[in-house]
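Visitor: Under the numbering used here, the first residue of the sequence shown carries the number 41, and numbering increases by one thereafter.
Yeah, the Cβ is synthetic: ideal placement off N, Cα and C, and Gly gets one too.
Note that the structure is predicted; figures quoted are calculated from it, not measured.
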Amino acid sequence: MGTVRNLKPAQGLEEFINFLYGEEEAYVHLPIKHPESGKYEYNFFFKWPAQRQDVIDHVVRFSDSAEVFITPGMFKARSSNVVDAHGSYVAWADFDGNVPSLEELSELNIPTPTLRVQSSIPGHEHWYWRYDQFNNDVVSVQGINKAIAYALQADIGAWDAGHSTRPVGSFNHKRDAPVAIKAHNNNTYRIGDFAEVPVPQNSYDIEQFRKEQIPNPLKTLMKQGPWSDDAVDLFNKYKVHEGSRSSALTRVAYTCAEHGLDNSEVYSLLQWIDKRWGKFSERDNKEKYYVDLINYVRQKVPYEGIKDVTVNAEEITTYSFKQVLEYVDETDWIINGILPYKGVAYVVGRPGTGKTTLALGICTSLALAKQYLWEPNEKKYKVLYLSLEMSLEDVNQFYAALKTNYTDDEINTLDKNFHTYASPEKIKFYQPQNPIMGKFLRKIENMKPDIVLVDSASYSLASNLSNQEEVTKSIELLDMIRDKYGITMLFIHHSRKEPPGHGYKEADLDDVFGSAFIAASASSIISLKQAKDYTESHKLMDIRYLKTRFSGDNTGFSVLMDGDRRMFRRPAMGELMAAAPMPKQEKKKDDGFFAI
């Protein structure tokens with residue numbers, strides 16, 4: 041497993057299926073299509089590797105009379121449905137006449153394929169990239185396939201785990217040509233080798249299509265006119281030759297998108313025209329292909345009309361007065377009342393107050409399920425730390441002090457649950473098209489962290505935090521990321537500089553630097569500030585909640601900084617008494633969330 045065998049055309053079929061499946065145990069699917077009737081037979085599943093010879097016999101048996109197909113993906117049951125997918129040894133792409141050059145691959149940061157199979161006439165090829173080990177993460181399998189297909193302009197309907205290609209050794213009756221190996225090498229790849237391929241973002245999905253009312257195509261044509269002569273000629277084509285239908289439908293989708301149609305209207309015309317052209321119209325999963333075409337063109341032609349293509353075409357949900365009164369808050373909390381699941385929180389403070397120390401202390405304790413300043417957690421959370429201010433050398437010095445707080449077993453747990461990104465290449469959420477964003481999202485998909493700690497908001501949310509447009513774009517992207525991947529975001533953020541001679545002032549929301557939208561969009565904001573009685577020998581700091589669901593005011597507690605160990609701790613009663621009394625609101629009875 042994990043090693044590519046040398047593929048020889050003379051041994052094409054057997055070598056090809058061994059290349060696809062190795063010795064992984066699962067089911068494989070080999071449907072056929074009858075050329076004369078155009079009908080498919082799907083019920084051909086084989087248990088691999090026990091039925092290896094049956095797979096070979098099946099291809100040999102039907103190749104003379106039918107189109108034979110094979111799924112590069114493997115399945116847990118006798119089903120080619122994505123929900124039953126087991127994974128794959130390969131990434132793949134399907135080209136219908138537009139094979140890219142190796143120079144284009146290099147420009148797009150896509151590795152050289154391990155195997156190229158010519159499926160009919162020149163230019164029609166299936167490409168395969170062999171993983172160094174079986175990839176059982178179906179989301180990853182499909183995500184990499186889709187990213188490759190979009191980047192190389194391959195068949196954009198060929199990326200899902202249930203898609204089938206033509207096996208080496210079969211015969212393409214449409215083109216009167218054998219399916220044969222064109223080129224091969226011994227390269228294998230890790231999932232991370234595809235991290236620089238941009239991840240396409242969907243604006244439309246099957247569930248939205250199923251809920252929307254697809255308009256009448258003739259009404260759509262009349263409403264959206266007048267059309268250009270080229271568009272009219274394209275829409276009026278009665279027949280398009282096989283091999284050109286996919287590109288012609290893509291032109292239809294582009295024409296509609298550029299003309300300002302929304303997704304449901306584009307879908308209406310694709311479906312209507314394809315009933316004549318017959319590319320996908322007879323397939324059971326034709327809806328998927330039309331939706332994929334729409335998502336593909338939206339990468340370059342986003343919808344800019346009144347309707348929002350990212351939501352379903354149905355009315356907003358409202359609640360009666362009594363329903364609101366009866367509502368029960370079922371928020372899941374990472375830190376009870378302070379840090380919600382899938383929330384976004386900020387630790388704010390002036391330079392030198394220990395914001396990074398506090399945030400890292402919070403996150404390392406969450407990774408260990410260890411009590412720190414708040415109540416202990418039962419779950420050990422996975423944390424991804426984006427160090428955008430400190431270099432790897434700086435982080436190394438910080439961690440050298442931090443590790444003195446932990447046992448060897450805890451260090452081993454942190455090694456597993458706490459990962460750090462420290463690179464000169466900054467992650468900027470206000471630049472979603474930057475290739476680094478694709479790498480970041482691929483890391484999220486593969487690592488599946490619960491919490492992403494970002495140091496700092498100044499480096500990641502905008503080039504200038506007063507730039508409302510950039511901040512808004514960042515917040516919108518973060519909302520999508522948090523919702524899709526189920527992660528909580530914690531930002532380290534600077535507070536405003538206090539004017540000279542103002543005296544001690546309690547922290548409040550006005551201290552949050554930058555656009556007001558930062559504070560408005562936050563689930564929680566925790567302030568860290570030198571206490572009124574701070575001295576160099578008694579480094580008493582105030583933690584205040586500027587915004588939480590836990591409290592309506594800025595209650596909190598005080599901590600002592602231990603700079604040598606890079607940690608904060610709750611002061612003992614005697615240490616508090618040695619200093620001046622706490623601010624007035626701290627004299628309230630402890631509610632049980634925070635035990636000193």
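Distance check for Leu309 and Val494, CA to CA, integer angstroms please.
Guide: 45 Å
Visitor: Any chance you could list the beta strand (DSSP E) runs of at least 3 consecutive residues sitting entirely within the segment 266-319, in chain order?
Guide: none
Visitor: Would you give the residue range spanned by the beta strand (DSSP E) that Gln473 belongs to?
Guide: It is not in any beta strand (DSSP E) - Gln473 carries neither H nor E in the DSSP assignment.
Visitor: So, at 7 Å on beta carbons, what are the nonlocal neighbours of Thr460 in its own chain, with the 5 sequence-adjacent residues on each side left out?
Guide: The residues are Tyr425, Ser427 and Val435.
Visitor: Compare the Cα-Cα distances from Lys420 to each of Ser405, Met430 and Trp414 and report the closest residue.
Guide: Restricting attention to Ser405, Met430 and Trp414, the CA atom closest to the CA of Lys420 is found in Ser405.
Visitor: From the DSSP output, in three-state form, read off Glu81 for me.
Guide: strand
Visitor: Quick check for students: name the residue ranges of the beta strand (DSSP E) that lie wholly in the segment 184-243, counting only runs of 3 or more.
Guide: 220-224
Visitor: Which same chain residues end up closer than 7 Å to Leu53 when comparing Cβ atoms and leaving out the 5 residues on each side of it in sequence?
Guide: Ile96, Val99, Pro207, Val208 and Gly209.
Visitor: Could you give the DSSP three-state label for Asp573: helix, strand or coil?
Guide: Here Asp573 carries a coil assignment [DSSP, helix/strand/coil].
Visitor: For a test of the three-state rule: what should DSSP assign to Asp332, helix, strand or coil?
Guide: Here Asp332 sits in helix by DSSP.
Visitor: When DSSP builds the beta bridges, which residues end up paired with Ile378?
Guide: DSSP lists no beta-bridge partner residue for Ile378.
Visitor: Just tell me which of Trp317, Ile491 and Trp132 has its CA closest to the CA of Ser286.
Guide: Trp317
Visitor: If you run the structure through DSSP and keep just helix, strand and coil, what is Asn175?
Guide: Three-state DSSP puts Asn175 in a strand.
Visitor: Taking just the CA atoms, how far does Ile527 sit from Ser598?
Guide: 29 Å
Visitor: What is the rounded straight-line gap between the Cα of Ile374 and the Cα of Asp332?
Guide: It is roughly 37 Å from the alpha-carbon of Ile374 to the alpha-carbon of Asp332.
Visitor: Is Val368 helix, strand or coil by DSSP?
Guide: coil
Visitor: Please state whether the Cβ-Cβ distance between Phe553 and Ser567 is less than 8 Å.
Guide: no
Visitor: Am I right that Val237 and Ile150 are in contact with their C-beta atoms under 8 Å? What's the rounded C-beta distance?
Guide: 6 Å
Visitor: Would Gly394 and Met581 be called neighbours here (beta carbons separated by less than 8 Å)?
Guide: yes
Visitor: Grab the span of the alpha helix (DSSP H) containing Leu261 for me, first residue to last.
Guide: Pro257 to Gln264
Visitor: If distances are taken between C-alpha atoms only, which option among Ala462, Glu429 and Phe458 comes closest to Tyr499?
Guide: Glu429
Visitor: Can you tell me which of the three DSSP states Lys524 falls into?
Guide: Per DSSP, reduced to three states, the secondary structure at Lys524 is helical.
Visitor: Please classify Gly478: does DSSP put it in a helix, a strand, or coil?
Guide: helix
Visitor: Do Ile196 and Ala189 have their CB atoms nearer than 8 Å?
Guide: yes
Visitor: In the DSSP assignment, find the beta strand (DSSP E) that holds Gln158 and state where it starts and stops.
Guide: Segment Leu155 to Gln158, the beta strand (DSSP E) holding Gln158.
Visitor: Tell me the DSSP bridge mates of His74?
Guide: Answer by DSSP bridge pairing: none, since His74 is not bridged.
Visitor: If I measure Cβ to Cβ from Tyr61 and keep anything under 6 Å in the same chain, skipping five residues before and after, which residues do I get?
Guide: Trp88
Visitor: Give me the Cβ distance between Val108 and Ile72, rounded to the nearest whole Å; I'm assuming they're in contact under 8 Å.
Guide: Indeed they touch by this definition, with Cβ atoms about 5 Å apart.
Visitor: Does the distance from the C-beta atom of Val511 to that of Leu518 stay below 8 Å?
Guide: One thing to note: Val511 has its Cβ no nearer than 8 Å to the Cβ of Leu518.
Visitor: Please state if the CB of Gln311 and the CB of Tyr329 are separated by a distance shorter than 8 Å.
Guide: No Cβ-Cβ contact shorter than 8 Å links Tyr329 with Gln311.
Visitor: So the alpha helix (DSSP H) His459 belongs to, where does it begin and stop?
Guide: First-last for His459: Phe458 to Tyr461, but that is the beta strand (DSSP E), not the alpha helix (DSSP H).
Visitor: Counting beta carbon pairs with one atom in the segment 217-230 and one in the segment 62-82, are three or more of them shorter than 8 Å?
Guide: no
Visitor: With C-beta atoms as the reference, is Thr228 less than 8 Å away from Thr154?
Guide: Taking 8 Å as the Cβ cut-off, Thr228 and Thr154 qualify as a contacting pair.
Visitor: Let me know if Ile57 comes out buried or exposed under the rule of 16 or more other beta-carbons within 10 Å of its beta-carbon.
Guide: buried
Visitor: Closest to Asn226 by CA distance: which of Val181, Asn176, Tyr168 and Asp273 is it?
Guide: Tyr168
Visitor: For the beta strand (DSSP E) that Ala612 lies in, which residues bound it at each end?
Guide: Premise fails: Ala612 is in no beta strand (DSSP E) and is neither H nor E.
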